[in-house]
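Asks: Using the numbering used here, the first residue of the sequence shown is number 321, and each one after it goes up by one. Before we start, here is the structure in question, set down as structure tokens.
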Amino acid sequence: MSEALRVGIAGLGTVGASVARVLSDKAAELTRQCGRTIVVAGVSARDKSRDRGVDVSGAQWFDDPIELAKWDGIDVFVELIGGDEGAARSSVKAALEAGHHVVTANKALLAKHGLELAGLAEKKGVLLNYEAAVAGGIPIIKTMREAMAGNTVTRVFGILNGTCNYILTRMEAEGISFEECLKDAQRLGYAEADPTFDIEGQDTAHKLAILTSLAFGSKIAADDIYLEGISNITQADIRAASELGYRIKLLGVAVRTETGIEQRVHPTMVPTASVIAQVHGVTNAVAVETDILGELLLSGPGAGGNATASAVVGDVADIAKSRPGFQHGPVFGRPVKELSPYKKARMRSHAGGYFIRLTVHDRIGVFAAIAKRMADSDISLESIVQHSDGTDTAAQKTVILVTHETTEAAVRKAVDGITKDGHLVDKPQVIRIERAA
Ligand code: HSE
């Protein structure tokens, strides 16, 4: 049997402790699968004395993750610290520089510095695996990087944040407040250290940026993502969506268009009957559309210690099985020099259907004024209804519009016009509708 693979784990929070536990509990099975043992040789975390429910006393302790990253007692450095700068970035760089393979669950780091790190991994001839960085336990990276060679991807989209999906699911099912759901997600260990990263869409955007690169063979462009979170979604939207045959999901979507690549993260109406609308709670789902394969949808647990540990351990096992000359392909599916420059499609050109919810003063001519603004913007309406769900009063009413396919520019022009007309009591709510099978 080959020599043991020696792993150093930096970060022993929910995920790090789960990884250490799985590597210990499944040691015999992993040895059979990989043909060698995997041992946790070193660990690093902030607090040595904390009880994490897993025994890591056999591993050498490092107060400084960078020292662990450089240590010649490891073959693989597992970065579970988090954050796109600081100790996470420095330690991953140090590990690659030292010629160690790296496994990370850090989507923010890859979204921001992925190209630099991939280049370094290529230069050093080591692996940089990051299955856990996107959609938790779902093996979407392996699928896109290895199993879909030869496919031309036209669209990739998905529910990439367990916290948001958990919140939206419970808001719909139980009619409870956003805040209450968020608290529970934090208690259950789904949310990021700063939950605004979840609810304002940044976490989804980081994951989408990685998927976009894999999908289109383009350089990562995390700063070119249109971003809207879910904090503005109300019970009124959820109820109206349900009555119209839609469900609201926070989606990350990347589409190849005639003018470039569209990357966007926003609350989205998907048909209630679609498969992605059935994805509830902390579950994630990623759909990929290609010329050869058609549409593929993978769903599974997207957050939490065990789901993330499953992906991290899979990445470590891949390294244990790899042999020089038989390693897996480049980090983003093709060598860094083969990644094309990212060409951004303007959000104003986005084409699709829209849901628009307006709270208006109840007076004669309001419907007519709204309809005129829509017509002036060449928007064809699928429906316009005065909608009453019990929140309307004698003085104000809710009007819901659903458009046929139009453009973002047309909708913005129409909504600006309606706002200027002075009929609105409240800010208009605009939610994009996404085609989904
Ligand atoms: N906070 C993330 C989520 C965890 O809720 O999906 C995994 O990135």
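In this text, a Cβ means the ideal position worked out from N, Cα and C, and glycines have one as well.
#1: Three Cβ pairs or more, each shorter than 8 angstroms: is that satisfied between the segment 565-576 and the segment 728-744?
#2: State the Cα-Cα distance for the pair aspartate 371 and serine 338, rounded to the nearest angstrom.
#3: Around the C-beta of serine 369, are 16 or more other C-beta atoms found within 10 angstroms, so that it is buried, or is it exposed?
#4: Using a Cβ distance threshold of 8 angstroms, determine whether the segment 484-493 contacts the segment 386-398, with at least three qualifying pairs required.
#5: Got a sec: does the ligand HSE put a non-hydrogen atom nearer than 6 angstroms to the Cβ of asparagine 481?
#6: Work out the CA separation of threonine 610 and arginine 576 for me, nearest whole Å.
#7: State the DSSP-derived secondary structure class of methionine 589, mapped to helix, strand or coil.
#8: Examine the ligand HSE and report whether any of its heavy atoms sits within less than 6 angstroms of the Cβ of tyrosine 510.
#9: Hey, would you say the C-beta of aspartate 523 is under 6 angstroms away from at least one heavy atom of the ligand HSE?
#10: Within 8 angstroms, do at least three Cβ pairs link the segment 435-444 to the segment 611-627?
#11: Check whether the Cβ atoms of valine 360 and alanine 340 sit closer than 7 angstroms, and answer yes or no.
#12: Nearest-angstrom Cα distance between threonine 334 and proline 459?
#13: For alanine 561, which of Arg677, Asp635 and Ala637 has the nearest alpha-carbon?
#14: Taking 6 angstroms as the cut-off, is the C-beta of glycine 402 nearer than that to any heavy atom in the ligand HSE?
#15: Report yes if the C-beta of alanine 627 is less than 6 angstroms from at least one heavy atom of the ligand HSE; otherwise report no.
#16: So what's isoleucine 751 in DSSP terms, helix, strand or just coil?
#17: Straight-line CA distance for aspartate 375 to isoleucine 401?
#18: Taking 6 angstroms as the cut-off, is the C-beta of glycine 336 nearer than that to any heavy atom in the ligand HSE?
#19: Am I right that glycine 497 and glutamate 520 are in contact with their C-beta atoms under 8 angstroms? What's the rounded C-beta distance?
#20: Spell out a yes or no on whether the segment 473-481 and the segment 598-613 are touching, meaning 3 or more CB-CB pairs, one atom from each, closer than 8 angstroms.
#21: Which whole-angstrom value describes the C-beta separation of threonine 718 and histidine 707, a residue pair presumed to lie in contact below a C-beta threshold of 8 angstroms?
#22: Does the Cβ-Cβ distance between alanine 730 and serine 697 come in under 7 angstroms?
#23: Is aspartate 514 a contact residue of the ligand COA, with contact defined as CB to any heavy atom under 6 angstroms?
#24: Nearest CA to the CA of aspartate 518: which residue from Ala757, Glu387, Ala535 and Val585?
#25: Sort out for me which residues DSSP pairs tryptophan 381 with in a bridge.
#26: What's the C-alpha gap between threonine 554 and glycine 378?
#27: Report back the beta-carbon spacing between leucine 388 and valine 422 to the nearest angstrom; my notes put them in contact at under 8 angstroms.
#28: Taking the alpha carbon of lysine 444 as the point to measure from, which residue in Glu417, Met468, Glu466 and Asp635 has its own alpha carbon closest?
#29: Does the Cβ of aspartate 518 lie closer than 6 angstroms to at least one heavy atom of the ligand HSE?
#30: Could you give the first and the last residue of the continuous beta strand (DSSP E) run that contains tyrosine 566?
#31: Roughly how many whole angstroms lie between the Cα atoms of lysine 427 and lysine 663?
#32: What residue range is occupied by the uninterrupted beta strand (DSSP E) comprising asparagine 604?
#33: Could you tell me how far apart the beta carbons of glutamate 512 and aspartate 504 are, in whole angstroms, since I believe they sit closer than 8 angstroms?
#34: Could you check if glycine 478 belongs to the surroundings of the ligand HSE, using beta carbon to heavy atom distance under 6 angstroms?
#35: Cβ of glycine 622 versus every heavy atom of the ligand HSE: is any distance shorter than 6 angstroms?
#36: Are the CB atoms of valine 454 and lysine 527 within a distance shorter than 7 angstroms?
Replies: Looking at the atomic coordinates:
#1: Flag = no, the segment 565-576 and the segment 728-744 do not touch.
#2: Position 51 of the sequence shown holds residue 371. Position 18 of the sequence shown holds residue 338. C-alpha separation (whole angstroms): 13 angstroms.
#3: Here residue 369 is taken as the residue at index 49 of the sequence shown, counted from 1. The C-beta of serine 369 has fewer than 16 other C-beta atoms within 10 Å across all chains shown, which makes the residue exposed.
#4: As far as the Cβ criterion goes, the segment 484-493 does not touch the segment 386-398, which means the pair count is below three.
#5: Taking the sequence shown and counting its residues from 1, one reaches residue 481 at position 161. The answer is yes for asparagine 481.
#6: Taking the sequence shown and counting its residues from 1, the one referred to as residue 576 is at position 256. Taking the sequence shown and counting its residues from 1, the one referred to as residue 610 is at position 290. Their backbone Cα atoms lie some 11 angstroms apart in a straight line.
#7: One-based indexing of the sequence shown puts residue 589 at position 269. Of the three classes helix, strand and coil, the one that applies to methionine 589 here is strand, per DSSP.
#8: By 1-based counting over the sequence shown, the position of residue 510 is 190. A distance criterion of 6 angstroms places the beta-carbon of tyrosine 510 in contact range of the ligand HSE, judged by its closest non-hydrogen atom.
#9: For this step, residue 523 is matched to residue 203 along the sequence shown. Result yes, Cβ under 6 angstroms from the ligand HSE.
#10: Of all C-beta pairs linking the segment 611-627 to the segment 435-444, fewer than three are shorter than 8 angstroms, placing the two stretches out of contact.
#11: What you label residue 360 is simply residue 40 of the sequence shown in a count that begins at 1. What you label residue 340 is simply residue 20 of the sequence shown in a count that begins at 1. Yes, the pair counts as a contact, with Cβ atoms nearer than the cut-off.
#12: Here the question's residue 334 lines up with position 14 in the sequence shown. Here the question's residue 459 lines up with position 139 in the sequence shown. The straight-line gap from Cα to Cα measures roughly 20 angstroms.
#13: Translated into the one-based positions of the sequence shown, residue 561 becomes position 241. Comparing Cα-Cα distances from alanine 561 to each of Arg677, Asp635 and Ala637, the minimum goes to Arg677.
#14: Position 82 of the sequence shown, counted from the first residue, corresponds to residue 402. No, the ligand HSE has no heavy atom inside 6 angstroms of this Cβ.
#15: In the sequence shown, counting from the first residue as 1, residue 627 sits at position 307. Flag unset: Cβ of alanine 627 not near the ligand HSE.
#16: Counting from one through the sequence shown, the residue named residue 751 turns up at place 431. The three-state secondary structure of isoleucine 751, taken from DSSP, is strand.
#17: Numbered from its first residue, the sequence shown carries residue 375 at position 55. Numbered from its first residue, the sequence shown carries residue 401 at position 81. Between aspartate 375 and isoleucine 401, the C-alpha separation is close to 19 angstroms.
#18: As a working mapping, residue 336 is identified with position 16 in the sequence shown. Not so, every heavy atom of the ligand HSE lies at least 6 angstroms from the Cβ.
#19: Here residue 497 refers to the residue found at position 177 of the sequence shown. Here residue 520 refers to the residue found at position 200 of the sequence shown. The sequence given here has serine at residue 497, not glycine. The C-beta separation of serine 497 from glutamate 520 comes to about 18 angstroms, leaving the pair out of contact by the 8 angstroms criterion.
#20: Of all C-beta pairs linking the segment 473-481 to the segment 598-613, three or more are shorter than 8 angstroms, placing the two stretches in contact.
#21: Position 398 of the sequence shown holds residue 718. Position 387 of the sequence shown holds residue 707. Rounded to whole angstroms, the Cβ separation of threonine 718 and histidine 707 is 5 angstroms, and the two are in contact under 8 angstroms.
#22: Walking along the sequence shown from the start, residue 730 turns up at place 410. Walking along the sequence shown from the start, residue 697 turns up at place 377. Inclusion of alanine 730 and serine 697 in the CB contact set at 7 angstroms is warranted, their separation being smaller than that value.
#23: In the structure on display, the ligand COA does not appear, and the ligands it does have are the ligand HSE.
#24: Taking the first residue of the sequence shown as position 1, residue 518 is located at position 198. The residue with the shortest Cα to Cα distance from aspartate 518 is Val585.
#25: In the sequence shown, residue 381 corresponds to position 61, counting from 1. DSSP, once it has assigned bridges, lists Val363 as partnering tryptophan 381.
#26: The count along the sequence shown starts at 1 and reaches residue 554 at position 234. The count along the sequence shown starts at 1 and reaches residue 378 at position 58. Those two C-alpha atoms are separated by around 51 angstroms.
#27: Translated into the one-based positions of the sequence shown, residue 388 becomes position 68. Translated into the one-based positions of the sequence shown, residue 422 becomes position 102. Your pair leucine 388 and valine 422 does not check out as a contact, with CB atoms roughly 12 angstroms apart and the cut at 8 angstroms.
#28: Counting from one through the sequence shown, the residue named residue 444 turns up at place 124. Ranking Glu417, Met468, Glu466 and Asp635 by Cα distance to lysine 444 puts Glu417 first.
#29: In the sequence shown, residue 518 corresponds to position 198, counting from 1. Checking the Cβ of aspartate 518 against the ligand HSE gives yes.
#30: Here residue 566 refers to the residue found at position 246 when the sequence shown is read from its first residue. Taken as a continuous stretch (DSSP letters only), the beta strand (DSSP E) holding tyrosine 566 covers 566-577.
#31: Here residue 427 corresponds to residue number 107 of the sequence shown, with the count starting at 1. Here residue 663 corresponds to residue number 343 of the sequence shown, with the count starting at 1. Cα to Cα, the separation comes out at about 22 angstroms.
#32: Counting from one through the sequence shown, the residue named residue 604 turns up at place 284. Bounds of the beta strand (DSSP E) holding asparagine 604 are 603-610.
#33: Counting from 1 along the sequence shown, the entry for residue 512 is found at position 192. Counting from 1 along the sequence shown, the entry for residue 504 is found at position 184. Contact doesn't hold; Cβ gap of about 15 angstroms is too wide.
#34: Working through the sequence shown from its first residue, we reach residue 478 at position 158. Outside the cutoff, so no.
#35: Along the sequence shown, one-based indexing puts residue 622 at 302. For glycine 622, the shortest separation between its Cβ and any heavy atom of the ligand HSE lies below 6 angstroms.
#36: The residue labelled residue 527 in the question sits at position 207 within the sequence shown. The residue labelled residue 454 in the question sits at position 134 within the sequence shown. With a cutoff of 7 angstroms on beta-carbon distance, lysine 527 and valine 454 are scored as near each other.
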